[in-house]
Each structure stands twice: as structure tokens, then as C-alpha cells.
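In my numbering, the protein residues as written are 685 to 1168.
The following block contains the structure:
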């Protein structure tokens, strides 16, 4: 043995003496890779390492050394192979997800997040089966979700009932094949019924409570398959919105059509009975935007906003709490340029602007919001529209508002997402300053869209749906130029 080898053996033995109080991890790869001169290990150590790795501990010392070295090389190569395969799969997933996907966050007791379980998520999580799909329309209510892709494919998930033996399949998105041939472009969900729209027609299905299916029947029955809803209009319907048991459609001529439950005046046809087929609603201007709350409705032209239905909590924005059975103009918005409207359960949001703003507008809210839904700092009730100060002070122009029962989201003209209201199960998708309550009245930016997250490009929002303490966002194709 050469002098330098003797010195090497002595060094190794000294190292083991220093570790005599520490148990040697026999056969451990990391430990073995740290040994710079493996060939100088004592024979008994070579045997123990080999035996710990499931190898043969018999033979001469040089045979033991070669066997251990080959074992280490094989494990390193296997680790490398696994890592390469993992990286290949990651790139494959990333390439697909960057084409578009659906991300979810918040409560999930009925599988409404579509992730295959009932556990809440406090960070936006991709629904695996939606990778590669761009959803143009998403609607949710009562913990059920319907979504339509740009290729007119309809999916459904959520509202999984533990008592129903076959309902677990809806823990994940399922194709709703009944509309495969109808080229559906948008969808809207009520309490127990659904309406879908294509370029020519409206279809409805579900429970016909108070005539909400629009099929000219007053019977409270379940219609399991989509059925055509007839309109006495010369114009095509271009938008459909749904409340709990009433509906509002907008045709290309700017005319509103409503039907269903008439309580509190929510369909706008006076104090009459329920309406079982779409009926034209007389308004003095052509309508551009419509929205339905649970028991009330909004419609807006380019410069006017009308409200009708239940006014509990001042949700109609008319300065009082009296129900309206016919459309009533909200004086506050007269002359402003209306950009978008949305209804929550007890509150509403309107995006409006005045010159020189032309791309977007500021947000006005009204109604009741005891979980910060109004975005008006300490104000939890207002029967008159009030501007949300956060966006005004920061000069953030907005283009779309999405109101839920307990929280809201807006989309800016730069496609940034801001949220506020209830933050149960982290449904706002961001941290809040409040420490002792689970809500915030202050809007805040949601990070992650239009940027790289976990080495995957996440596109900008295409559609947003707000549920009861959960949020659903579909994205466009990721553009690398937008990377943060």
C-alpha cells in the first residue's frame, strides 16, 4: 500500500471515530457519495453497505468495492432517469396548461372545485382535466358549476350529495353530452334549473319551479333533458342571465325578455302571476347589459341603469327599500357611460365612467354587505350607489365586475384581478390585512395570472365565476411577453 493510500485510510478511520456516537446510515446513497475515497473503506464497511442495499456481501475486498460502486452507479442512473421522466412530464403538462385551463380556490364541501375530493383549497389550483381548454363561459350557483369551452363543449361538476350513490363522478368535470350538437356559447345556473344559449336558441332544464323553465307549463316538475325555449322575437337572443327562479334574456335588438317566478316583481311585469314563457319587457332604451340576483334584476343601456324586484337591504340602488314590480331607472347613473353590471344576492356592482375615460370605468356598489362586499370600508349598507374608493384613488380602470353572495372580483382593463369580501377558505386568492375577521372590505390584487407559477405559464383570465366562498377562473392562452 502506498503512503498516500495509508494516509487516506487513516483519514477515513479518523472520520468514523468522530462519528462513533452517531449511527452510520449503512447503504444510504447520499452518505456514500460524500465519501471521496470509497475504495479505501474497510472490508467490513463494504459488506455492511452492500447488505443494507440488498447486495451480496461475500467475496474479496476488490470484488466488494466493485459491487458497491456498480450499485451506487445504478441508483444514480435510475434517479437521473426518473428526474428526466418527471421533467418530460412537467414540460408536457406545462405546454398543455399554457393553452388555457381552469383554476379554483376556496370551499369545496360538495366538490364544487372539481378536484376529485371535498377538501378546500387556499391557493389557486388547476383542475387537471381542464388543461388545454379555454372556457368562454362559467356559471355557478348552489355549489354546482357549468362551463362552456370556446369549442362549444359543455362540462358540469359539483353539488355532490353524499346520499346519492352515483354522484361522486361529479367531483370532477364531466361532459354534458345532451348539448353536444347545439354549439352552446354560454350558460347560466339558477337554484334548481339551468339555461344555455347558442347562436339561435335558448335551452332550459331542471326543476320547473314557478314556471322558470319557460316551457309554457306551470307544473312543478323535473325536466332532465335540455328543451327549447320559444321566443316571440324577430331578433336572436345574445345573452341569458338567471336568478334563483327567474330568467332574463337579451336579444340583438336590445330588448329584454323575462319569465319565471314573479314574487317581489323580479321579472318586471307588474304585480301579476308567474310567467311561463319569455315575455317582452318594455323599456325606453335599447339594453346592452343584464344581470340577475336571486330575487332582483338589473338592465343597463349605454347611459342608464334600471332595477326591479326585491329591494330588501336597498339592493336596487333607488334610495329606499321598497320592492319594484316594473323596471325603475336608478337616477344616479343617468348620463354616465355604463361598462358592465353584476348582481350579488344582497348587493350589486356597476362599472361606469365619464369623459375622458373611454376604455374602462370605476366601480359603484349598492345594497347590503356585512362581509365587506360593498368595498366601502366601514359602510355595510347603502341604498344609493357609492363609488368604491380603492379603484378611484389608485386610478385603476375596470372592465368587468363579478358579484357573489359574499365576495366579489373585478377585472381591470389590464386584465388584473382584484377581490374583496369574505375570505373563508382563502376564496379571495390572496392575503388580507384583517387578523380577527375572515373578510375584508378593501380590494386587493390577486397575483399569479399572466405569469409563471411553479414553472408553468398561467394565462390571463378569460372568465370568472363567484360561488359561495369559492372562486373559479378560466384562463386564455399564456403569452410569454406578459411574463412578470
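We treat Cβ as the ideally placed atom computed from N, Cα and C, and that holds for glycine.
In this text, all values refer to a predicted model and were calculated from it rather than measured experimentally.
Environment of residue i [buried if 16+ CB atoms lie within 10 Å]
{"i": "residue 975", "result": "buried"}
{"i": "residue 1120", "result": "exposed"}
{"i": "residue 871", "result": "buried"}
{"i": "residue 905", "result": "exposed"}
{"i": "residue 995", "result": "buried"}
{"i": "residue 751", "result": "buried"}
{"i": "residue 894", "result": "buried"}
{"i": "residue 966", "result": "exposed"}
{"i": "residue 791", "result": "buried"}
{"i": "residue 935", "result": "buried"}
{"i": "residue 997", "result": "buried"}
{"i": "residue 805", "result": "buried"}
{"i": "residue 1004", "result": "exposed"}
{"i": "residue 930", "result": "buried"}
{"i": "residue 819", "result": "buried"}
{"i": "residue 715", "result": "exposed"}
{"i": "residue 1084", "result": "buried"}
{"i": "residue 1023", "result": "buried"}
{"i": "residue 760", "result": "exposed"}
{"i": "residue 1090", "result": "buried"}
Residue i versus residue j: straight-line alpha-carbon distance, rounded
{"i": "residue 768", "j": "residue 800", "result": "28 angstroms"}
{"i": "residue 789", "j": "residue 1118", "result": "19 angstroms"}
{"i": "residue 1079", "j": "residue 1147", "result": "23 angstroms"}
{"i": "residue 1132", "j": "residue 785", "result": "13 angstroms"}
{"i": "residue 766", "j": "residue 1032", "result": "52 angstroms"}
{"i": "residue 1113", "j": "residue 980", "result": "28 angstroms"}
{"i": "residue 1139", "j": "residue 781", "result": "11 angstroms"}
{"i": "residue 807", "j": "residue 961", "result": "43 angstroms"}
{"i": "residue 1171", "j": "residue 1026", "result": "For residue 1171 there is no data in the structure shown, the boundaries of the chain being 685 and 1168."}
{"i": "residue 822", "j": "residue 1014", "result": "29 angstroms"}
{"i": "residue 1009", "j": "residue 1038", "result": "30 angstroms"}
{"i": "residue 1095", "j": "residue 1149", "result": "12 angstroms"}
{"i": "residue 879", "j": "residue 1060", "result": "33 angstroms"}
{"i": "residue 928", "j": "residue 890", "result": "12 angstroms"}
{"i": "residue 730", "j": "residue 764", "result": "24 angstroms"}
{"i": "residue 1070", "j": "residue 900", "result": "40 angstroms"}
{"i": "residue 881", "j": "residue 911", "result": "11 angstroms"}
{"i": "residue 1103", "j": "residue 721", "result": "59 angstroms"}
{"i": "residue 1110", "j": "residue 1129", "result": "14 angstroms"}
{"i": "residue 840", "j": "residue 1040", "result": "43 angstroms"}
{"i": "residue 886", "j": "residue 770", "result": "46 angstroms"}
{"i": "residue 723", "j": "residue 758", "result": "17 angstroms"}
{"i": "residue 908", "j": "residue 873", "result": "14 angstroms"}
Residue i - DSSP class collapsed to helix/strand/coil
{"i": "residue 960", "result": "strand"}
{"i": "residue 805", "result": "strand"}
{"i": "residue 1160", "result": "coil"}
{"i": "residue 1018", "result": "coil"}
{"i": "residue 1128", "result": "strand"}
{"i": "residue 770", "result": "helix"}
{"i": "residue 893", "result": "helix"}
{"i": "residue 884", "result": "coil"}
{"i": "residue 988", "result": "coil"}
{"i": "residue 1024", "result": "strand"}
{"i": "residue 718", "result": "helix"}
{"i": "residue 1152", "result": "coil"}
{"i": "residue 753", "result": "helix"}
{"i": "residue 733", "result": "helix"}
Selected residue, minimal CA-CA separation from residue i, among the options
{"i": "residue 1164", "options": "729, 778, 1038", "result": "778"}
{"i": "residue 794", "options": "1084, 1152, 923", "result": "1152"}
{"i": "residue 1066", "options": "1000, 1017, 1094", "result": "1000"}
{"i": "residue 923", "options": "949, 1084, 883, 827", "result": "883"}
{"i": "residue 1019", "options": "1036, 1030, 1010", "result": "1036"}
{"i": "residue 668", "options": "1060, 711, 987", "result": "Not covered by the structure: residue 668. The range shown for the chain is 685 to 1168."}
{"i": "residue 733", "options": "743, 745, 709", "result": "709"}
{"i": "residue 1028", "options": "1003, 1055, 1012", "result": "1055"}
{"i": "residue 826", "options": "797, 834, 817", "result": "797"}
{"i": "residue 844", "options": "837, 934, 856, 833", "result": "856"}
{"i": "residue 921", "options": "928, 804, 972", "result": "972"}
{"i": "residue 649", "options": "863, 888, 1050", "result": "Residue 649 lies beyond the range of the chain shown here (685 to 1168); nothing can be said about it."}
{"i": "residue 1073", "options": "1109, 1088, 1126, 1024", "result": "1126"}
{"i": "residue 955", "options": "1041, 1011, 770, 1004", "result": "1011"}
{"i": "residue 951", "options": "1154, 869, 1100, 926", "result": "926"}
{"i": "residue 944", "options": "755, 933, 937", "result": "933"}
{"i": "residue 919", "options": "909, 908, 941", "result": "941"}
{"i": "residue 744", "options": "728, 754, 858", "result": "728"}
{"i": "residue 863", "options": "854, 842, 837", "result": "837"}
Identity of the residues DSSP links to residue i by a beta bridge
{"i": "residue 1084", "result": "1095"}
{"i": "residue 763", "result": "Answer is none; residue 763 lacks a bridge partner."}
{"i": "residue 728", "result": "None; residue 728 has no bridge partner."}
{"i": "residue 943", "result": "931"}
Interface flag, residue i vs chain B, CB-CB below 8 angstroms
{"i": "residue 842", "result": "Looking at the structure shown, chain B is missing, and only one protein chain is on hand."}
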